[in-house]
Amino acid sequence: MYKNILKPLLFLLTPEKAHYFSMGLLSFATCIPGVAWVLKQCFKSDDSCKRVTICGIEFPNVVGLAAGFDKDALWLQELQVLGFGHVEI
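Just so you know, we're using my numbering here: the sequence shown kicks off at 24 and counts up by one.
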């Protein structure tokens, strides 16, 4: 589905529009009852050995998202659903 439908559509858009379209789609999907839960189950990291503490701050895992992806902090809940341990804004 991604390769045949979504990828060709996204490549018609500018990178900025593709970014907002993708995140809008994720935002919409997580509003559907049960979708956020399913995504959390797919991307969750319950392994306590993956937790990390840096400067007294505990993170659920070491996978974070660098600054710039969500520069306006519009999609923090959606990014949490995808399993990021931290998001830099």
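Here a beta-carbon is modelled for each residue, glycine too, at the ideal position from N, C-alpha and C.
Inset, instruction - Give a yes or no on contact between the region 91-102 and the region 46-64, applying the rule of three or more CB pairs nearer than 8 Å. - result: Using a Cβ-Cβ distance cut-off of 8 Å, the region 91-102 and the region 46-64 are in contact, since at least three pairs of beta carbons, one from each stretch, lie closer than that value.
Legend entry - Sequence-distant residues of the same chain with beta carbon closer than 6 Å to Phe66, five excluded per side: Cβ within range, chain order: Leu105 and Gly106.
Inset, instruction - Evaluate Leu23 with the Cβ neighbour count: other Cβ atoms within 10 Å of its Cβ, from every protein chain shown; 16 or more gives buried, anything less gives exposed. - result: No answer is possible for residue 23: it lies beyond the span of the chain, which begins at 24 and ends at 112.
Legend entry - Cβ shell of Leu49 (< 6 Å), same chain only, five flanking positions each side left out: For Leu49, where only same-chain residues beyond five positions count, the Cβ hits under 6 Å are Glu101.
Inset, instruction - Counting only the same chain and skipping the five closest in sequence on each side, list residues whose C-beta sits under 8 Å from that of Ile55. - result: Here Ile55 has no same chain residue with a Cβ atom under 8 Å from its own Cβ, once five neighbours each way along the sequence are excluded.
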